[in-house]
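Quick note: to get my numbering, add 12 to the position in the sequence shown (first position is 1). Where is the CB? At the ideal position from N, CA and C, for every residue including glycine.
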Amino acid sequence: MSEVYFSNLSGKHKSWLDRTSKLFDRAKFASLIEPGDIVAIKVHFGERGNTAFLSPLFVRRVVDKVKAAGGKPFVTDANTLYVGARSNAVDHLITAIENGFSYATVGAPLIIADGINGKDYITVGIDGKHVKEAKIGSAVYHADAVIALTHFKGHELTGFGGALKNIGMGLGSRSGKQVMHSDVLPSIEEEKCTSCGKCIKWCPAEAITVSSTAAIDASRCLGCGECTVTCSFEAIAVNWKTEPDLIQEKIVEYTWAVIKDKPDKVGYFNFITNVSPDCDCCGWNDTPIVPDIGILASFDPIAIDQACVDLVNRTEGLPGSRLSAINDDDKFRTVTGIDWRPQLAYGEKIGLGKRNYTLVEVK
Ligand code: SF4
Ligand code: SF4
């Protein structure tokens with residue numbers, strides 16, 4: 013069984029920030045940091061318009077603890093696949109600052125993991141069922157250690173968004189995200205194409221030709237997604253079609269790729285606060301489905317996500333939320349329609365962690 017440390021957020025006269033520091037100590041996260049280590053602190057800066065994302069105040073606490081352990085922290089996320097306020101590093105950093113993240117507030121530099129336009133990635137070979145070459149944001153690949161700070165909430169593709177989603181999907185480059193999101197090859201939207209030819213340069217399979225418009229030779233296309241994130245005119249359609257089980261397994265394999273070269277150098281914090289039914293990539297958030305429950309810390313990404321979903325399901329739902337029954341014992345399934353279990357079962361199967369855990373309460 014894996015140990016998951018848990019601090020209940022109810023109770024008088026206890027700062028939630030102090031609880032974060034205490035959990036860092038009880039989980040022995042200082043042990044993953046050697047003096048001088050560059051430590052990536054993976055967060056989600058929140059989409060513009062969203063207010064449920066994890067507050068920079070918690071990030072500051074972890075930054076301070078990493079510094080005290082001798083590490084050199086930076087705060088990071090990778091660019092999004094969808095066109096929003098975080099799909100390139102310039103927009104992403106502006107959005108982060110608008111949402112309250114900056115050196116002044118978190119005490120560490122903000123670095124977008126996969127660079128200006130998502131093409132700054134390292135290809136990591138794994139022998140996955142679905143993924144053989146994962147594209148990981150280079151800043152995190154080159155970091156010595158990683159601490160994931162995950163806001164635990166609902167997610168429209170994976171049921172809930174936990175540590176696996178934060179690391180696996182969150183640290184894939186933009187084209188890596190395309191591979192995770194889609195089982196369908198990209199296609200040209202001819203009415204948007206200006207025939208500029210930029211996509212040709214980025215296609216590794218020489219599958220694109222351009223005359224009056226661009227065209228993709230499906231017999232050559234590898235489905236790598238490079239062209240979809242290259243076109244400035246959004247003329248290459250991202251196909252979002254995929255099966256829930258498949259995307260969950262791909263996310264797990266990407267998580268494996270991120271952590272495989274960092275044994276005993278990755279720690280996970282999950283915050284069950286502001287449990288919106290939708291993920292923080294939405295430019296909104298809804299009434300939380302449960303009250304704020306707690307903060308968890310573990311070295312096991314499967315155990316911590318399992319513990320969080322169990323805690324949410326054991327807690328009475330909030331009236332006025334999207335739940336119709338307060339005693340719903342599978343709340344994320346109810347609000348998203350997605351069975352979230354495959355990610356945990358598959359993660360355990362390939363050895364990322366265990367679904368059996370011991371919850372250690374930290375007062
Ligand atoms: S980059 Fe976009 S606009 Fe330019 S040729 Fe390719 S599909 Fe057309
Ligand atoms: S998905 Fe990759 S291989 Fe296919 S056309 Fe686009 S760049 Fe080329």
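Where does the unbroken beta strand (DSSP E) through residue i begin, and where does it stop?
i: Ile53; result: Ile50 to Lys54
i: Gly173; result: Gly171 to Gly173
i: Ile45; result: No beta strand (DSSP E) contains Ile45, which DSSP labels as neither H nor E.
i: Glu373; result: Tyr369 to Glu373
i: Thr18; result: Before going on, a small fix: residue 18 reads as Phe here, not Thr. Element bounds for Phe18: Ser14 to Asn20.
i: Thr135; result: Tyr133 to Gly137
i: Lys147; result: Glu145 to Gly149
i: Val222; result: Ile220 to Val222
i: Gly306; result: Gly306 to Ser310
i: Ile228; result: Ala226 to Ile228
i: Leu122; result: Leu122 to Ile124
Within the continuous alpha helix (DSSP H) that includes residue i, where are the two ends?
i: Tyr94; result: Careful: Tyr94 lies outside any alpha helix (DSSP H) and carries neither H nor E.
i: Gly359; result: Arg353 to Lys361
i: Ser187; result: Arg186 to His193
i: Glu110; result: Ala101 to Glu110
i: Lys165; result: Here Lys165 belongs to no alpha helix (DSSP H); instead the beta strand (DSSP E) covers Lys165 to His167.
i: Ile212; result: Lys210 to Trp214
i: Val78; result: Pro68 to Ala80
i: Val118; result: Tyr115 to Val118
i: Ser33; result: Trp28 to Arg38
Since I believe residue j is in contact with residue i (beta carbons under 8 Å), could you give me their beta-carbon distance rounded to a whole number of angstroms?
i: Ile248; j: Thr240; result: 5 Å
i: Leu197; j: Tyr17; result: Not quite, the Cβ-Cβ distance comes to about 44 Å (not below 8 Å), so this is no contact.
i: Tyr280; j: Ser310; result: 6 Å
i: Ala151; j: Ala52; result: 7 Å
i: Asn297; j: Thr63; result: 6 Å
i: Gly182; j: Ala90; result: 6 Å
i: Ile284; j: Val324; result: 7 Å
i: Ala2; j: Ile50; result: Coverage of the chain is limited to positions 13 through 375, which leaves residue 2 absent and any answer about it impossible.
i: Ile301; j: Arg345; result: 12 Å between Cβ atoms; not a contact.
i: Gly174; j: Ile350; result: The Cβ separation is near 13 Å, so there is no contact.
i: Ala160; j: Ile200; result: Contact flag wrong, Cβ pair sits at about 37 Å.
i: Ile314; j: Gly365; result: 3 Å
Buried or exposed: residue i, going by 16 or more other Cβ atoms within 10 Å of its Cβ?
i: Phe86; result: buried
i: His163; result: buried
i: Phe245; result: exposed
i: Leu234; result: exposed
i: Lys361; result: exposed
i: Thr88; result: buried
i: Ser288; result: buried
i: Leu69; result: exposed
i: Asp317; result: buried
i: Asp290; result: buried
i: His25; result: exposed
i: Lys147; result: buried
i: Met192; result: buried
i: Val102; result: exposed
i: Ile106; result: exposed
i: Ala116; result: exposed
i: Phe95; result: First, the residue type needs correcting, since residue 95 is Val and not Phe in the sequence shown. Burial call: exposed.
i: Gly237; result: buried
i: Lys144; result: exposed
i: Glu59; result: buried
i: Pro216; result: exposed
i: Ser336; result: exposed
Please determine if the segment 256 to 266 and the segment 346 to 361 are in contact, where contact requires at least 3 C-beta pairs separated by less than 8 Å. yes
Whole runs of the alpha helix (DSSP H) within the segment 241 to 280, excluding any shorter than 4 residues: 256 to 271
For the segment 129 to 148 and the segment 186 to 195, state whether three or more C-beta atom pairs, one from each stretch, are separated by less than 8 Å. yes
Hey, which unbroken runs of the alpha helix (DSSP H) at 4 residues or more fall wholly within the segment 320 to 354? You should have 343 to 348.
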